[in-house]
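Q: In my numbering, the protein residues as written are 8 to 313.
C-beta atoms are modelled at their ideal positions from N, C-alpha and C, and glycine is treated no differently.
Before I ask anything, here is the structure I am working with.
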Amino acid sequence: MKKIILSLVCLCCVTLAWAQKKPISMYVYIPEQSETIPQSCMDYLSNSLTTAITTDGLAAQSEYLTPFLLVPKVNIATKNTLATTQQQVVLTLDVNLQVVDNTSGTVFASTIINLKGVGTNEIKAYNAAFRSINKSNAKIREFVSNAKAKIIAYYEKEGDYIIRKALHLAEQHKYEEAFYLLSTMPSQYSQYDHAVSASMEVWGDYQDISGSQKLEKARAVWAANQNMDAANMAGECLSEILPDCNCYGAAQTLYKDIKGKLGEQWKYEMKKYDTEAELRETKIQAIQAIGVAYGKGQQPNIITTK
8 MKKIILSLVC LCCVTLAWAQ KKPISMYVYI PEQSETIPQS CMDYLSNSLT TAITTDGLAA
68 QSEYLTPFLL VPKVNIATKN TLATTQQQVV LTLDVNLQVV DNTSGTVFAS TIINLKGVGT
128 NEIKAYNAAF RSINKSNAKI REFVSNAKAK IIAYYEKEGD YIIRKALHLA EQHKYEEAFY
188 LLSTMPSQYS QYDHAVSASM EVWGDYQDIS GSQKLEKARA VWAANQNMDA ANMAGECLSE
248 ILPDCNCYGA AQTLYKDIKG KLGEQWKYEM KKYDTEAELR ETKIQAIQAI GVAYGKGQQP
308 NIITTK
């Protein structure tokens, strides 16, 4: 059954949820490599790096949920094949790791890790080398810790500007980009509460405009063909209009008109969610979806030296 939220309490729920769930996170992004390395081995490297930072709660599930990318660049220092009783491939690699801001291309931290791998074939040799990239690697731990500190320092310096930029974008009706900037700010930032407040301010303006657009679409669809298909299309639009919209009352009126004409055949309902947790989750998903949709349209801004 389709639901239209009837309570503004979700605003408070979202504020609390964001405050608890926005630590610094990074996504392991594998760019095109200058060296010819089997894709399965690069996938192995990606998994090794992700596992190494997951322990500290740093691994993001998608590059669209964080502006920070952990980018590896692999250079082959030496590659030898030993003709012993059983062929052995011996590799020495220099892995350049960078933590990069996806939006600006700023490099927060970088290091080079020297690896050696031996295997009966090239793939096994690469994987043996990449296996040493793990949470126990002291250089990895130091690198990640340094990157986190520099990211926090960046927000302490630039956070106020980012918030003002987001509000300015909202004034230009560039709501998606504004949400992306605000929703990716980490809770370790000392003025994080200001970022949340700004998000709620932008959300109110966004909802009024998008809600009116959805209502007009629902009206147009229903006016053109007052049948079940049209009612379902209109219902999809109405179900996305939240009670903090200025047009919520008008949406209720249209809903009642459609329900009055089709009766019990029309299965859309206006009802409360059963728990505050459901309200919170719905609001969080809506805001994240806006930021993710915007992030998907952006290309990683990464420059690596050959």
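Should Leu122 and Ser143 be called a contact, given that it needs their Cβ atoms to be closer than 8 angstroms?
A: Position 115 of the sequence shown, counting from 1, holds the residue named residue 122. Position 136 of the sequence shown, counting from 1, holds the residue named residue 143. Taking 8 angstroms as the Cβ cut-off, Leu122 and Ser143 do not qualify as a contacting pair.
Q: Report buried or exposed for Gln214, applying the criterion of at least 16 other Cβ atoms within 10 angstroms of its Cβ.
A: By one-based count along the sequence shown, residue 214 stands at place 207. Buried is the call here.
Q: Suppose you measure from the CA of Glu243 to the CA of Pro250; what does that come to, to the nearest Å?
A: In the sequence shown, the residue the question calls residue 243 occupies position 236. In the sequence shown, the residue the question calls residue 250 occupies position 243. Those two C-alpha atoms are separated by around 15 angstroms.
Q: Could you name the residues of the same chain whose beta carbon sits closer than 8 angstroms to that of Val209, not counting the 5 residues immediately before and after it, in chain order?
A: One-based indexing of the sequence shown puts residue 209 at position 202. The residues are Ala173, Leu174, Ala177, Tyr182, Ala185, Phe186 and Leu189.
Q: Express the C-alpha separation of Tyr162 and Arg171 in angstroms, rounding to a whole number.
A: Locating residue 171 in the sequence shown gives position 164, where the first residue counts as 1. Locating residue 162 in the sequence shown gives position 155, where the first residue counts as 1. Near 13 angstroms, if we compare the C-alpha coordinates of Tyr162 and Arg171.
Q: Looking at Tyr34: is its Cβ nearer than 8 angstroms to the Cβ of Leu100?
A: In the sequence shown, the residue the question calls residue 34 occupies position 27. In the sequence shown, the residue the question calls residue 100 occupies position 93. Against a cut-off of 8 angstroms, the Cβ pair of Leu100 and Tyr34 comes out as no contact.
Q: According to DSSP, what are the bridge partners of Asp101?
A: The sequence position of residue 101 within the sequence shown is 94, counting from 1. According to DSSP, Asp101 bridges with Asn82 and Asn121.
Q: Take Ile294 and list the residues in its own chain whose beta-carbon comes closer than 8 angstroms to its own, dropping the five residues that flank it on each side.
A: Within the sequence shown, residue 294 is the residue found at index 287, counting from 1. Val21, Phe186, Ser190, Ser206 and Trp210, listed in sequence order.
Q: Can the beta-carbon of Gln93 be found closer than 8 angstroms to that of Val125?
A: Looking up residue 93 in the sequence shown gives position 86. Looking up residue 125 in the sequence shown gives position 118. Result no, Cβ atoms of Gln93 and Val125 do not sit closer than 8 angstroms.
Q: Answer with buried or exposed for Thr73, where buried requires no fewer than 16 other C-beta atoms within 10 angstroms of its C-beta.
A: Residue mapping note: residue 73 aligns to position 66 of the sequence shown, counting from 1. By the neighbour-count rule (16 or more Cβ atoms within 10 Å), Thr73 is buried.
Q: Can you tell me which residues form a DSSP beta bridge with Phe75?
A: For this step, residue 75 is matched to residue 68 along the sequence shown. Answer is Asp108.
Q: Three or more C-beta pairs under 8 angstroms: does that hold for the segment 251 to 271 against the segment 224 to 236?
A: In short, these stretches touch, since the Cβ pair count reaches three.
Q: Shortest alpha-carbon distance to Gly298 belongs to which of Ala225, Met192 and Tyr196?
A: Locating residue 298 in the sequence shown gives position 291, where the first residue counts as 1. Checking every option, the nearest Cα to that of Gly298 belongs to Met192.
Q: What is the rounded straight-line gap between the Cα of Leu43 and the Cα of Tyr301?
A: Here residue 43 corresponds to residue number 36 of the sequence shown, with the count starting at 1. Here residue 301 corresponds to residue number 294 of the sequence shown, with the count starting at 1. Correcting the residue type first, residue 43 is Thr in the shown sequence and not Leu. If you take the alpha carbons of Thr43 and Tyr301, they lie about 33 angstroms apart.
Q: On a CA-only basis, which of Asp212, Gln195, Tyr36 and Leu269 is nearest Asp236? Give me that one, please.
A: What you label residue 236 is simply residue 229 of the sequence shown in a count that begins at 1. Considering only alpha carbons, the answer is Leu269.
Q: By alpha-carbon positions, which one of Ala241, Cys252 and Pro45 ends up nearest to Asn134?
A: If you number the sequence shown from 1, residue 134 lands on position 127. When each option's Cα is compared against that of Asn134, the closest is Pro45.
Q: Gly298 by DSSP, collapsed to three states: which one?
A: Translated into positions along the sequence shown, residue 298 becomes position 291. Of the three classes helix, strand and coil, the one that applies to Gly298 here is helix, per DSSP.
Q: If distances are taken between C-alpha atoms only, which option among Gln233, Ser152, Met49 and Lys224 comes closest to Ala257?
A: Sequence index remark: in the sequence shown, residue 257 carries index 250 (1-based). When only C-alpha atoms are compared, the closest one is Lys224.
Q: Mind checking if Ala135 is an interface residue toward chain D, Cβ cutoff 8 angstroms exclusive?
A: The structure shown has no chain D; it contains just one protein chain.
Q: Would DSSP call Ala202 helix, strand or coil?
A: By 1-based counting over the sequence shown, the position of residue 202 is 195. It is helical.
Q: Thinking Phe137 and Tyr36 are a contact (beta carbons under 8 angstroms), I'd like their distance in whole angstroms, please.
A: Looking up residue 137 in the sequence shown gives position 130. Looking up residue 36 in the sequence shown gives position 29. So it is not a contact: roughly 16 angstroms between Cβ atoms.
Q: Hey, Phe150 and Leu98 are a contact pair by Cβ (cut 8 angstroms); roughly how many whole angstroms apart?
A: Taking the sequence shown and counting its residues from 1, one reaches residue 150 at position 143. Taking the sequence shown and counting its residues from 1, one reaches residue 98 at position 91. At roughly 21 angstroms, the Cβ-Cβ gap does not stay under 8 angstroms, so Phe150 and Leu98 are not in contact.
Q: Closest to Ser47 by C-alpha separation, out of Ser32, Thr113 and Ile130, would be which residue?
A: Here residue 47 refers to the residue found at position 40 when the sequence shown is read from its first residue. Among Ser32, Thr113 and Ile130, the Cα nearest to that of Ser47 is on Ile130.
Q: With distances taken Cα to Cα, identify the nearest neighbour of Tyr275 among Val107, Val102, Ser197 and Ala241.
A: Numbered from its first residue, the sequence shown carries residue 275 at position 268. The option with the nearest alpha carbon to Tyr275 is Ala241.
Q: So who's on the other strand from Met192, going by DSSP bridges?
A: The residue you call residue 192 lines up with position 185 of the sequence shown. Beta-bridge pairing links Met192 to no other residue.
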